[in-house]
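Residue numbers (this note's numbering): 20 to 486.
Think of the CB as a built atom: it goes at the ideal place given N, C-alpha and C, for glycine as much as any other residue.
As the structure is a prediction and not an experimental result, all values here were calculated from the model.
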Amino acid sequence: MISTIHAVTTSFFPKWDTELLFKILNNIHDVVLVIDSDTTIVFANEAYAKILGVPIAKVLGRRLDRIEPSAKTIEVLCTGQSSYCRRSYLDSLGINVVGSTFPLYNGKKIIGCVSIFKNINDVVELNRELNQTKGVADYLKEQLDQEEHLPNSFEEYIGRNSRLKETLKLAAKVAKTDSTVLILGESGVGKEVLARVVHNSSARKNKPMIKVNCAAIPEDLIESELFGYEDGAFTGAKKGGKLGKFELAHRGTIFLDEIGDMSLTMQAKLLRVLQEKEFERIGGTRAIKVDIRVIAATNRNLESMIEEGSFRSDLYYRLNIVPIMLTPLRERKDDILELAKVFLKQFSGEVGHELTLSPQVERLLKSYEWPGNIRELKNVLEHASIVSNSKVITSNHLPARIIRKKQRSNVKDRSYDIKEIVASVEKEVILSALNACNNNRTNALRALGISRKSFYNKLHQYGIIDI
Ligand SMILES: Nc1ncnc2c1ncn2[C@@H]1O[C@H](COP(=O)(O)OP(=O)(O)OP(=O)(O)O)[C@@H](O)[C@H]1O
Ligand SMILES: [Mg+2]
Numbered sequence: 020m021i022s023t024i025h026a027v028t029t030s031f032f033p034k035w036d037t038e039l040l041f042k043i044l045n046n047i048h049d050v051v052l053v054i055d056s057d058t059t060i061v062f063a064n065e066a067y068a069k070i071l072g073v074p075i076a077k078v079l080g081r082r083l084d085r086i087e088p089s090a091k092t093i094e095v096l097c098t099g100q101s102s103y104c105r106r107s108y109l110d111s112l113g114i115n116v117v118g119s120t121f122p123l124y125n126g127k128k129i130i131g132c133v134s135i136f137k138n139i140n141d142v143v144e145l146n147r148e149l150n151q152t153k154g155v156a157d158y159l160k161e162q163l164d165q166e167e168h169l170p171n172s173f174e175e176y177i178g179r180n181s182r183l184k185e186t187l188k189l190a191a192k193v194a195k196t197d198s199t200v201l202i203l204g205e206s207g208v209g210k211e212v213l214a215r216v217v218h219n220s221s222a223r224k225n226k227p228m229i230k231v232n233c234a235a236i237p238e239d240l241i242e243s244e245l246f247g248y249e250d251g252a253f254t255g256a257k258k259g260g261k262l263g264k265f266e267l268a269h270r271g272t273i274f275l276d277e278i279g280d281m282s283l284t285m286q287a288k289l290l291r292v293l294q295e296k297e298f299e300r301i302g303g304t305r306a307i308k309v310d311i312r313v314i315a316a317t318n319r320n321l322e323s324m325i326e327e328g329s330f331r332s333d334l335y336y337r338l339n340i341v342p343i344m345l346t347p348l349r350e351r352k353d354d355i356l357e358l359a360k361v362f363l364k365q366f367s368g369e370v371g372h373e374l375t376l377s378p379q380v381e382r383l384l385k386s387y388e389w390p391g392n393i394r395e396l397k398n399v400l401e402h403a404s405i406v407s408n409s410k411v412i413t414s415n416h417l418p419a420r421i422i423r424k425k426q427r428s429n430v431k432d433r434s435y436d437i438k439e440i441v442a443s444v445e446k447e448v449i450l451s452a453l454n455a456c457n458n459n460r461t462n463a464l465r466a467l468g469i470s471r472k473s474f475y476n477k478l479h480q481y482g483i484i485d486i
């Protein structure tokens with residue numbers, strides 16, 4: 020019985036009056052709008068002005084069918100059917116609202132309608148931004164996947180070398196835990212690739228791995244990059260503030276790359292976050308808690324940095340819980356050809372024909388020291404795949420440094436042959452000009468400042484083209 024629900028109010032309101040009713044309606048934070056049977060607005064509460072930004076006096080007594088002809092309220096007046104929690108758009112104000120509308124009866128006759136609704140413009144806008152960001156993120160992810168075919172799991176990771184296998188075993192074990200991992204190794208050895216594999220093999224794989232390149236961010240920006248900032252925290256700050264990398268990595272992994280390049284001041288701040296798993300945004304007072312897994316990497320020797328005072332020992336001990344040292348390529352030569360084949364397969368797809376290595380190139384690749392490790396091997400093969408017009412990559416398609424090394428070690432008596440040295444330098448310069456000009460020969464010969472005839476003679480002489 021509906022009346023019994025309200026029955027207690029009769030004693031509470033001995034003298035029920037409109038003033039009291041309006042007081043109640045004005046304290047409601049949603050808009051309350053009442054129209055009569057010809058859509059004239061007979062009541063609007065104070066929230067109307069606050070939420071829609073229109074003074075009440077301007078609308079009272081005006082007909083809603085003239086201000087907002089497609090308003091849901093008018094529809095309810097015509098049909099007599101209530102509408103609950105429906106979303107609509109107010110054309111006259113450019114505002115999205117959500118709310119309910121009920122007909123008012125006098126006996127069986129509809130005498131008007133009441134609408135109660137709120138402005139959801141911010142929510143709609145946020146939703147739009149969120150969807151856009153998601154779209155951009157998906158797009159970028161797709162691009163990344165297309166650009167590099169990198170191992171995504173330990174199964175895909177190339178390597179038969181026994182030392183590497185031991186390293187991967189340890190990495191696979193630690194991936195399952197939440198422990199902090201410190202990946203060490205020379206430049207180009209694949210530290211970032213391994214960090215990604217560890218993240219993708221962890222329970223956090225469906226959350227993001229957020230990378231912070233500690234060497235690339237200017238000192239005065241790194242704090243806002245890591246911790247974010249509140250609205251108006253400093254001049255030039257983005258309106259509405261910005262989330263820092265630690266917040267973006269919540270429930271996922273934060274990858275602190277080039278950790279050895281972080282200043283001592285930032286090291287102290289980072290240490291606090293790692294110890295307490297909480298921080299404050301710049302300009303904020305609230306402590307923000309995050310659930311993150313940390314993977315750090317560096318090609319620097321942190322222990323000698325501690326000795327010279329440029330790396331905090333307490334931060335080192337916090338990071339060095341499970342250190343993983345990646346073997347340089349020259350110490351896992353048994354993997355060079357397998358890696359080379361994977362890269363060649365990738366480049367074959369790009370140049371449009373199958374590429375193979377000549378036996379001499381295989382020998383050269385195996386004997387070279389690879390100071391730039393896997394990155395250098397990949398770059399050398401990419402370059403060779405572009406400059407070779409045939410299906411077989413020969414030593415003519417390799418940079419001089421790779422061939423020179425071999426000759427110096429094996430053919431000592433020819434290492435001072437000036438003609439050969441000049442020729443190999445010349446060849447390298449031509450290849451690099453072609454590379455810089457995206458293989459456009461006319462632009463390359465212009466950049467080299469030689470005649471077309473002499474350019475083509477040299478291409479032929481060095482086996483850069485077959486004609
Ligand atoms: N296991 C791998 N399989 C395939 N490609 C790899 C592998 N490891 C590294 N690479 C290639 O080498 C490049 C360099 O790898 P990565 O960026 O992980 O090296 P790094 O150790 O982080 O180097 P740096 O110290 O210079 O930052 C990658 O972009 C990828 O092309
Ligand atoms: Mg790296």
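1) Determine the direct distance from the alpha carbon of L267 to that of P227, and round the result to whole angstroms.
2) Apply the 10 Å Cβ neighbour rule to V142 and answer buried if 16 or more other Cβ atoms are within range, or exposed otherwise.
3) Just verifying my parser: in three-state terms, what is the DSSP assignment at K224?
4) Confirm the yes/no value for this check: CB of P390, any heavy atom of ligand 1, distance under 8 Å.
5) Using the three-state DSSP reduction, which class does N171 fall into: helix, strand or coil?
6) Excluding the 5 residues preceding and the 5 following H551 in the sequence, name in chain order all residues of the same chain whose CB lies nearer than 7 Å to its CB.
7) To the nearest angstrom, report how far apart K425 and P347 are at their CA atoms.
8) In whole angstroms, what separates the C-alpha of E447 from that of N462?
9) Say yes only if the C-beta of K296 is nearer than 8 Å to one or more non-hydrogen atoms of ligand 1, and no if none qualify.
10) Tell me whether V193 counts as near ligand 1, meaning its Cβ is closer than 8 Å to at least one heavy atom of that ligand.
11) Please report the residue range of the alpha helix (DSSP H) in which S282 lies.
12) Pull up the distance between the alpha-carbon of L478 and that of R382, whole angstroms please.
13) Going along the chain, which residues of its own chain have a beta-carbon closer than 6 Å to the beta-carbon of K360, five neighbours each way excluded?
14) For V430, does the three-state DSSP call read helix, strand or coil?
15) Taking 9 Å as the cut-off, decide whether the C-beta atoms of G113 and F136 are in contact.
16) Beta carbon of E211, beta carbon of F274: below 9 Å?
17) Would you be able to state if there are at least three C-beta pairs under 8 Å between the region 371–388 and the region 194–202?
18) Hey, out of I278, R215 and Y248, whose CA is closest to A235's CA?
19) Mind pulling the alpha helix (DSSP H) runs of 4 or more residues that sit fully within the region 43–77?
20) According to the neighbour-count rule (16 or more other Cβ atoms, all chains shown, within 10 Å of its Cβ), is R81 buried or exposed?
21) Using a 10 Å radius around the Cβ and a threshold of 16 neighbouring Cβ atoms, would you call K264 buried or exposed?
22) Judging by CA-CA distance, which residue of E94, P88 and V217 is the nearest neighbour of S111?
23) What's the C-alpha gap between V133 and F62?
24) Find the nearest neighbour of K320 within the set A76, L453 and P342, judged by alpha-carbon distance.
25) Can you look up E388 in the DSSP assignment and give me helix, strand or coil?
26) Alpha carbons only, please: which of K224, E175 and N180 is nearest the one belonging to K7?
27) Have a look at S377 and H416 and give me their C-alpha separation to the nearest angstrom.
28) Any chance you could list the residues with Cβ under 7 Å from a heavy atom of ligand 2, keeping chain order?
29) Among residues of its own chain, excluding the 5 on either side of C104, which ones have a beta-carbon nearer than 8 Å to its beta-carbon?
30) Tell me, which residues are paired with P237 by DSSP?
31) CA-CA distance, L123 and I86?
32) In angstroms, rounded to a whole number, what distance separates the CA positions of V380 and S407?
33) Measuring CB atoms only, is the region 316–333 touching the region 170–189, in the sense that at least three cross pairs come out at less than 8 Å?
34) Given this structure, state the Cα-to-Cα distance separating N180 from V399, to the nearest angstrom.
35) Sorted by chain position, which residues of the same chain lie with C-beta nearer than 7 Å to E238's C-beta, five sequence neighbours on each side aside?
Looking at the atomic coordinates:
1) Distance between the alpha carbons of P227 and L267 is about 8 Å.
2) The residue is exposed, with fewer than 16 neighbouring Cβ atoms inside 10 Å.
3) Annotated three-state conformation of K224 is coil, per DSSP.
4) Remark: the C-beta of P390 is outside contact range of ligand 1, defined as less than 8 Å to any heavy atom.
5) In this structure, N171 counts as coil in the three-state DSSP scheme.
6) Beyond the ends of the chain as shown, which are 20 and 486, falls residue 551; an answer cannot be given.
7) Because K425 sits at a pLDDT of 46, beneath the cut-off of 50, its placement in the model cannot be relied upon, and the point is left open.
8) Approximately 16 Å, taken between the alpha carbons.
9) Not one heavy atom of ligand 1 falls within 8 Å of the beta-carbon of K296.
10) Checking the Cβ of V193 against ligand 1 gives no.
11) Here S282 belongs to no alpha helix (DSSP H), and DSSP marks it neither H nor E.
12) Spanning the two alpha carbons is a distance of roughly 24 Å.
13) If we look at K360 and ignore the five residues flanking it on each side, it has no Cβ neighbours.
14) Residue confidence for V430 is low, a pLDDT of 46 falling below 50, so the modelled location carries little weight; the figure read from the coordinates is stated next. If DSSP states are grouped into helix, strand and coil, V430 belongs with coil.
15) Their beta carbons are not under 9 Å apart, which means G113 does not touch F136 by this criterion.
16) The answer is yes: Cβ separation under 9 Å.
17) Verdict: no, contact absent.
18) Cα-wise, what sits closest to A235 is I278.
19) If we require 4 residues or more, the alpha helix (DSSP H) runs fully inside the region 43–77 come out as 65–71.
20) Exposed, by the Cβ-count rule.
21) Buried is the call here.
22) When only C-alpha atoms are compared, the closest one is P88.
23) In a straight line, the C-alpha of V133 is about 9 Å away from that of F62.
24) A small correction: the amino acid at residue 320 is Asn; Lys does not occupy that position in the sequence shown. Considering only alpha carbons, the answer is P342.
25) Assignment of E388 by DSSP, reduced to helix, strand and coil, places it in the coil class.
26) With the chain running from 20 to 486 in the structure shown, residue 7 is simply not present.
27) So the two alpha carbons sit approximately 11 Å from each other.
28) Checking every Cβ against the heavy atoms of ligand 2 under 7 Å gives K210, E211, D276, E277 and A316.
29) Spatial neighbours of C104 in its own chain (CB-CB distance under 8 Å, excluding positions within 5 residues in sequence) are listed in chain order as V117, G118 and S119.
30) DSSP output for P237 lists no bridge partner at all.
31) Computed Cα separation, rounded: 21 Å.
32) Their backbone Cα atoms lie some 13 Å apart in a straight line.
33) Cβ pair count under 8 Å is below three, so no.
34) Cα atoms of N180 and V399: separation of roughly 22 Å, rounded to the nearest angstrom.
35) Closer than 7 Å at the Cβ level, and outside the excluded window around E238, lie S282.
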